[in-house]
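Protein chains in written order, with this note's numbering: chain A, 1065 to 1277; chain F, 166 to 175. The next block holds one structure in the form of structure tokens; read it before the comments.
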């Protein structure tokens, strides 16, 4: 494993820990898109089915188990423990995820390494992950401002995607490893994050600094 | 046969 891959995985881990820590400290899930979090549960479960068929390493297995359990736990927190049902704000989370699911399914049927259930679901998880943050980003755009939680969370997720790019370069040149599906969907995802950070910078950071005396 | 690419990333 190279340093970029490790840093990428650690950023991903950090994003989830930030989310969990903030929810449990504030005892609130305000501002977090339930839809995005449910999409991540689907992403992790469909991608990590190979837990049952293939052993890669202890690190790989533990990380997969952590991602599945933490994503389910976060959905539980939003849906039951610190429910947002009484809040009007949930109406802001109205992105049509059906399109994301249908589009990812279609893409996975067309683009896959092998037409087997495991490979199709693996491809599906990549396509879905590439767009899973959209409901969260849409929610942020509607409210007009992001609190520290969502900003830090999305920043760490963006960092995770950014680190995976030099990781792919490294692996291509050092190991001859090139996973074209992972790279292509990963680039789409990174573009979404860069677009978000650009808009966020323009609207929030610049607006804030222009207000200062 | 094995698949072309190992899915060893997370």
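All C-beta atoms in this analysis are idealised placements derived from N, C-alpha and C, irrespective of residue type, glycine included.
Asked: For residue 1193 of chain A, the three-state DSSP class (helix, strand or coil); Found: helix
Asked: Residues in the region 1066–1088 of chain A having any Cβ partner in chain F nearer than 9 Å; Found: 1069, 1072, 1073, 1076
Asked: CB contact below 8 Å: residue 1191 of chain A versus chain F; Found: no
Asked: Continuous alpha helix (DSSP H) stretch holding residue 1212 of chain A: start and end; Found: 1212–1239
Asked: Whether residue 1231 of chain A touches residue 1072 of chain A by CB criterion (8 Å); Found: yes
Asked: Presumed contact (8 Å Cβ cut-off) between residue 1097 of chain A and residue 1157 of chain A, rounded CB distance; Found: 5 Å
Asked: Buried versus exposed call for residue 171 of chain F [16 or more other C-beta atoms within 10 Å across all chains shown]; Found: exposed
Asked: Range of the contiguous alpha helix (DSSP H) that encloses residue 1127 of chain A; Found: 1122–1140
Asked: Cβ neighbours of residue 1119 of chain A in the same chain (closer than 8 Å, five flanking residues each side left out); Found: 1125
Asked: Residue-chain proximity (residue 1246 of chain A, chain F), Cβ-Cβ < 8 Å; Found: yes
Asked: Amino acids of chain F, ordered along the chain, whose beta-carbon sits closer than 8 Å to that of residue 1127 of chain A; Found: 175
Asked: For residue 1162 of chain A, three-class secondary structure by DSSP; Found: helix
Asked: Chain-ordered neighbours of residue 1120 of chain A on chain F, where CB pairs are closer than 9 Å; Found: 171, 172, 173
Asked: Contact set between the region 1085–1115 of chain A and chain F, restricted to residues whose Cβ is under 7 Å from the partner; Found: 1114
Asked: Simplified DSSP assignment, three categories, for residue 175 of chain F; Found: coil
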